[in-house]
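Residue numbers (UniProt numbering), protein chains in the order written: chain A, 1 to 179; chain B, 1 to 179.
Ideal placement from N, C-alpha and C gives every residue a C-beta, glycine not left out.
For reference, the structure discussed in these notes is given below.
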DNA sequence: GCCTCATGTGCAACCAGTTGCCTATGCATC
DNA sequence: GATGCATAGGCAACTGGTTGCACATGAGGC
C-alpha cells in the first residue's frame, strides 16, 4: 500500500489537488511509481477519512473549482514511520522479457520491433530526465540537503533508463539487427 | 494478463506441475516476473478451461501425486500471437525510491539501513545469476539460437542487478556512509 | 514420538489497480 | 457553431494479485 506513502511525500513537499498529484506522478516520481487519477482520487478519499490529509475547496477563475489536499501532523508521523519499515524486494513485470524467452515459439520480427520501440522509449525518457537534471541540479556535487533524496531518485531513473537502453542494444545486436 | 504468457513460455520449454512452475518463477524468469503458487494454480485452472494447456495426474513414490501440465497447440498459437502484440511501457514500483524522496521527512538511519539491505540483495541475486551464466552459457558469444532468448533475459537481469548495486553505492556515498 | 522441511494442491477473503464511462467549465482552433 | 484540449473530479465493474489458511505425504533430525 505504498501509493499512500508516495502521495504523502508529494504532499509533504507541497499541497496539491488530485489532478496536480496525478501529473506529478507522470513526472517526478514517474519512473518509480505510476498512478492513474482514478486511483489517486480513491486513495485520497480514504486518506482523508484516516486523517492523514485534509482538504479544502478552492474557487478558481476560468477553470473549475479544485479540492486542495494538505498533509496533517498524523500524516507526517505515518510517513516517518513508513521510512522505518523494512523494504521488501522490488517487483517488476516485464512483458518484453517474456517475449524474449518466447523467441523460439513466436514471431521474431515482431519481437525485434518491440525491442526497437522499447529502445526509443528509453531514449525519450532518458532525454527528459537529463533535461530535468540539467535544469534543477546543474551541479550534482552540490545538491542542497533537502533536495538530495529527489536528486538521487532522478539519478536512479537515469541509470535505469541507460541500463535499459544498453540492454536493448545488446538484444538488437545479438539478433543481428544493428542500431 | 501476461502471467498466462509467462506460464505458456515455461511450459513450451518443458511440461511441469504447478509446484515446479512456481519454483521456476523464483529462478529463471525470476528477475522479470514473480508469481506465488496460489496465483499459478488459479491461472492454470483457467488456462485449462480455455484449452491453452492440458494436464494429467502422475503418481509418484514417496511423495504426493502431481498434476503435470503441457501446452496445447492452441496454447502455442496464443503464445505466438502474444509476441505480435504491442508491448506497453514497463511498470515498476519502488518503495525504496519513495523512501529516498521521504528523506527530509523520515528517519535517515533507517533509510540508509534499507539501502544497505537492498545493496546486499542485489549482490546476492547478481552472484546467483553469474553462477547460472557461467554454468549454462560459458561462451556468451556462442549461445545456440534456441537458447538466445533465455540468455538475453539472464543478461538483462545481470545488467539490472549491477545497475541497482551501483545506484545503492551512489546513494550511500551521497549520504556519507561508505561501503 | 514429535518437529520441521520439502513436495504437492488448493480455497476464501480481501485489496490494489485498471478500464470504461460520466460530469462540468472555459479557451483556442477550425 | 462545432470540435478538441486542458482543467477538475468522480463512479461502477472488473481483474489480477496477495494473505492467510487448510490439507496430505514422506524423509530426516532431536
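CB contact flag (residue i, residue j, <8 Å)
| i | j | result |
| --- | --- | --- |
| residue 96 of chain A | residue 149 of chain B | no |
| residue 18 of chain A | residue 44 of chain A | yes |
| residue 53 of chain A | residue 70 of chain A | yes |
| residue 35 of chain A | residue 16 of chain A | no |
| residue 167 of chain A | residue 156 of chain B | yes |
| residue 159 of chain B | residue 33 of chain A | no |
| residue 183 of chain A | residue 171 of chain A | Outside the displayed span of chain A (1 to 179) sits residue 183 of chain A, for which this structure offers no information. |
| residue 55 of chain A | residue 61 of chain A | no |
| residue 103 of chain B | residue 162 of chain B | no |
| residue 117 of chain B | residue 87 of chain A | yes |
| residue 29 of chain A | residue 59 of chain A | no |
Residue i burial status per 10 Å Cβ neighbour count (16 or more: buried)
| i | result |
| --- | --- |
| residue 4 of chain B | buried |
| residue 106 of chain A | buried |
| residue 13 of chain B | buried |
| residue 146 of chain B | exposed |
| residue 143 of chain B | buried |
| residue 179 of chain A | Its pLDDT being 44, under 50, residue 179 of chain A is placed unreliably in this model, and the coordinates cannot settle the point. |
| residue 136 of chain B | exposed |
| residue 37 of chain B | exposed |
| residue 108 of chain A | exposed |
| residue 24 of chain A | buried |
For residue j and residue i, believed in contact at Cβ under 8 Å, the rounded distance
| i | j | result |
| --- | --- | --- |
| residue 119 of chain B | residue 165 of chain B | 6 Å |
| residue 83 of chain B | residue 110 of chain A | 5 Å |
| residue 154 of chain B | residue 79 of chain B | Not really, about 20 Å apart at Cβ, beyond 8 Å. |
| residue 2 of chain B | residue 98 of chain A | 6 Å |
| residue 89 of chain A | residue 65 of chain B | Incorrect: roughly 33 Å between the Cβ atoms, too far for contact. |
| residue 67 of chain A | residue 57 of chain A | 6 Å |
Beta strand (DSSP E) runs wholly inside the UniProt domain "Transcription regulator PadR N-terminal" (7-80) of chain A, at least 3 long, in chain order: 53-58, 66-71
Against chain A: residues of the stretch 80-92 of chain B by CB proximity under 9 Å: Within the stretch 80-92 of chain B, the residues whose Cβ lies closer than 9 Å to some Cβ of chain A are 80, 81, 82, 83, 84, 85, 86, 87, 88, 89, 90, 91, 92, listed in chain order.
Positions along the stretch 148-161 of chain A whose CB lies within less than 9 Å of some CB in chain B: 148, 149, 150, 151, 152, 153, 155, 156, 157, 159, 160
Near-chain B residues of the stretch 96-126 of chain A - C-beta to any C-beta below 7 Å: Correct list: 96, 97, 98, 99, 100, 101, 102, 103, 104, 105, 106, 107, 110, 111, 114, 117, 118, 121.
Cβ-based contacts, 9 Å cut-off: residues of the stretch 1-13 of chain A near chain B: 2, 3, 5, 6, 8, 9, 10, 12, 13
Every unbroken alpha helix (DSSP H) inside the stretch 81-117 of chain B [4 residues or more]: 95-101
The stretch 25-55 of chain B: positions lying closer than 9 Å to chain A by Cβ: 28, 29, 31, 32, 33, 34
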